[in-house]
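Worksheet: the structure to be examined is printed underneath.
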Amino acid sequence: MRAFIGPTGLLVEGEPSGPLAGTTLAVKDVIDVAGRVTGAGNPDLAASRAPAGRSAPVVEALVAAGATVVGKTVTDELAYSLGGDNEHFPPPVNPAAPDRTTGGSSSGSASAVAAGVVDLALGTDTGGSIRVPASYCGILGWRPTHGAVSAEGVTPLASSFDTIGLFARSAPLLRAAAGVALATVAGRPVSPSPVERFAIVAELMDLIGPPGTDVRDALEGAVLDRFGAAVPTIRLGCDMDECLATFRTLQGAEAWATHGGWIRSSRPRMGENTAYRFDAASKVTAEQVAAARPVRERVRRAVHDATVGGTVLLAPAAAGPAPVRGEYGPEAERIRADTLRSTVVGSLAGVPVVVVPTSGVPVGSSHLPLGLALMGAPGTDLALLDLIL
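The sequence shown stops at residue 383 when you use the numbering used here, and every number in between is there.
The following block contains the structure:
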């Protein structure tokens, strides 16, 4: 399975009572666990750090609620990828499709949950790093409202996008764990508003192909099966290429601000793809950032206007099923770019997203997982999770 970094077993024992008593928890290796080094997927960064003196508040909260930490999981290097690969570690296996990628960057966490090795796993999601692995591995994933779960004790990538969320196979367990995680930020408003209506986002649905294609039919069938009636389609009025460029600009600027000084001074060993991304990030200009910020605000307003009054937006969690591991070429690159296009709207808007598995997409003689994303207004995390119970 190759989901874990270092030894597994009892790392931090959960309290014997509480809503999560008896459950097991894996933690992505960007999140501190007391007594363990947080390496963020880079051996040189790990070598420069001492073991964490305490666990991140989100880990402490889940442990206090009864979850037992049994291991730290592989992450794409510095969490700067959706690919599910890290040149320093063997890639985690996708239990639902072993020849295909898990997706990233929370690759090990998704793998461990999908394999049934743990009940819950913590991940992070900046540009899709929970949503994409959940979709590819056929499990539940929750990206919270930005800022709704404490990021203390978490190695950042791009702090205005970074969120700390969860994977699970059980909807009631995910709902219970999310309630615990949300309590790590005191005074954070949580909307109890009931869901009034649903709407399919046309721009995002178009990324998976025109009507009549297998992927499109599978996702539209999943919407019908889950909600039992025709769901209207709306347009946000967002240009997906502009959204992608805006996200890459702002994420890159923040990623370089976070790690650039260390990269320049320490010259760490990095995988080729990670080094390429940081090189590009180092070249983002202040003028580009200034031009990108109004676009982000337009996307935020569009999503917030569309979700006001209890509307939940429905979209693909990724642009298709998981690519074959190691597959390259124009079609593979198109799928990767479209997958990022499918996730950046939620990231730019800072809204909660819950990913639920569908019956999958027929490919040859098998069905490959594909997730349906439920996107709500800020603070509606628990209302979204209640929908899948």
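For glycine and all other residues, C-beta sits at the position ideal for the given N, C-alpha and C.
Quiz item: For Gly314, which of Val293, Leu366, Lys277, Arg294 has the nearest alpha-carbon?
Solution: With distances taken between Cα atoms, Gly314 lies closest to Leu366.
Quiz item: So, helix, strand or coil for Ala44, using DSSP?
Solution: DSSP places Ala44 outside both helix and strand once states are collapsed to three, so it counts as coil.
Quiz item: What does Val318 pair with, by DSSP beta-bridge criteria?
Solution: Residue pairing by DSSP puts Val318 in a beta bridge opposite Arg94.
Practice problem: For Arg94, collect the residues of the same chain with a Cβ closer than 8 angstroms to its Cβ; drop the 5 residues on either side in sequence, then sort them by chain order. | Solution: In its chain, beyond the 5 residues on either side, Asn88, Tyr130, Pro315, Ala316, Pro317, Val318, Arg319, Leu362 have a beta carbon closer than 8 angstroms to the beta carbon of Arg94.
Exercise. Return the chain-ordered ranges of every beta strand (DSSP E) run that is complete within the segment 234 to 293 and spans a minimum of 3 residues.
Key: Taking only runs of at least 3 residues, no beta strand (DSSP E) segment lies wholly in the segment 234 to 293.
Practice problem: Could you tell me which uninterrupted beta strand (DSSP E) segments, each at least 3 residues in length, are contained entirely in the segment 108 to 194, listed from first to last along the chain? | Solution: You should have 114 to 119, 134 to 137, 157 to 162.
Practice problem: Give every residue of the same chain whose Cβ lies closer than 6 angstroms to the Cβ of Ala152, excluding the five residues on either side of it in the sequence, and list them in chain order. | Solution: Excluding positions up to five away in sequence, the list reads Thr120, Gln245, Glu248, Ala249.
Practice problem: Specify, as a first and last residue, the run of the alpha helix (DSSP H) that Ala58 falls within. | Solution: Element bounds for Ala58: 51 to 58.
Self-check item: Alpha-carbon spacing of Val306 relative to Ile124, whole angstroms
Solution: Their backbone Cα atoms lie some 19 angstroms apart in a straight line.
Quiz item: Which partner residues does Asn80 have in the DSSP bridge list?
Solution: In the DSSP output, where bridge partners are listed per residue, Asn80 has Phe83.
Exercise. With a cut-off of 8 angstroms on the beta carbons, I'd call Gly122 and Leu308 a contact; round off their distance for me.
Key: Rounded, the Cβ-Cβ distance is 17 angstroms, inconsistent with contact.
Quiz prompt | Stretch-stretch touch, CB-based, cutoff 8 angstroms, three pairs: the segment 199 to 209 with the segment 161 to 180 | solution = Fewer than three beta-carbon pairs drawn from the segment 199 to 209 and the segment 161 to 180 are found closer than 8 angstroms, and the two stretches are therefore not classed as touching.
Exercise. Taking only the alpha-carbon atoms, compute the straight-line gap between Ala312 and Ser341 and give it to the nearest angstrom.
Key: Computed Cα separation, rounded: 14 angstroms.
Quiz item: If Leu116 sits next to Leu19, beta carbons under 8 angstroms apart, how far is it from one beta carbon to the other, in whole angstroms?
Solution: Between Leu116 and Leu19, the beta carbon gap of about 7 angstroms places them in contact (Cβ cut-off 8 angstroms).
Exercise. Would you tell me roughly how many angstroms separate the C-alpha atoms of Leu364 and Lys277, rounded to the nearest one?
Key: Approximately 35 angstroms, taken between the alpha carbons.
Quiz item: For Asp38, which residues of its own chain have a beta-carbon under 8 angstroms away from its beta-carbon, when the five flanking residues on both sides are left out?
Solution: So the list reads Ser260, Pro262, Arg263, once near-sequence residues are dropped.
Self-check item: Of the residues Asp26, Asp299, Asp233, the one placed nearest Asp200, counting alpha carbons only
Solution: Measuring C-alpha to C-alpha distances from Asp200 to each of Asp26, Asp299, Asp233 identifies Asp233 as the nearest.
Quiz item: According to the neighbour-count rule (16 or more other Cβ atoms, all chains shown, within 10 Å of its Cβ), is Arg137 buried or exposed?
Solution: Around the Cβ of Arg137, a 10 Å sphere holds 16 or more other Cβ atoms; the residue is buried.
Practice problem: Alpha carbon to alpha carbon, how far is Ile202 from Val347? Give it in angstroms, no decimals. | Solution: Rounded to the nearest angstrom, the two C-alpha atoms are 18 angstroms apart.
Quiz prompt | Burial state of Ala223 (16 or more Cβ within 10 Å) | solution = Looking at its Cβ environment, which holds fewer than 16 other Cβ atoms inside 10 Å, Ala223 is exposed.
Quiz prompt | Rounded C-alpha distance that separates Val357 from Asn80 | solution = In a straight line, the C-alpha of Val357 is about 27 angstroms away from that of Asn80.
Quiz item: Excluding the five sequence neighbours on either side, which residues of its own chain have a C-beta within less than 8 angstroms of the C-beta of Phe83, listed in chain order?
Solution: Excluding residues within five positions, the ones whose Cβ falls inside 8 angstroms are Arg(-4), Ile(-1), Gly35, Val68.
Quiz item: Considering Ala343, what are the terminal residues of the alpha helix (DSSP H) in which it resides?
Solution: Element bounds for Ala343: 324 to 343.
Quiz item: Could you give the residue range of the beta strand (DSSP E) that holds Met369?
Solution: Looking at the DSSP string, the run of the beta strand (DSSP E) that includes Met369 is 365 to 369.
Quiz item: For Arg294 versus Ala343, is the C-beta spacing smaller than 8 angstroms?
Solution: It is a contact, given that the beta carbons lie within the stated cut-off.
Self-check item: Strand pairing of Ile25, partner residues [DSSP]
Solution: Per DSSP, Val148.
Quiz item: Candidates Ser164, Glu236, Thr268: which alpha carbon is nearest Glu291's?
Solution: The option with the nearest alpha carbon to Glu291 is Glu236.
Exercise. Starting from Leu378, trace the alpha helix (DSSP H) both ways and give me its first and last residue.
Key: In the DSSP assignment, Leu378 falls within the unbroken alpha helix (DSSP H) covering 375 to 381.
Quiz item: From Glu266, Pro86, Val225, pick the residue whose C-alpha is nearest to that of Ala106; which is it?
Solution: Comparing alpha-carbon positions, the option among Glu266, Pro86, Val225 lying closest to Ala106 turns out to be Pro86.
Self-check item: Alpha-carbon spacing of Glu7 relative to Gly33, whole angstroms
Solution: About 22 angstroms.
Quiz item: What's the C-alpha gap between Ala275 and Thr337?
Solution: So the alpha carbons of these two residues sit roughly 19 angstroms apart.
Quiz item: Using the rule of at least 16 other Cβ atoms within 10 Å of the residue's Cβ for burial, across every protein chain shown, is Gly215 buried or exposed?
Solution: With fewer than 16 neighbouring CB atoms inside 10 Å of its own CB, Gly215 falls in the exposed class.
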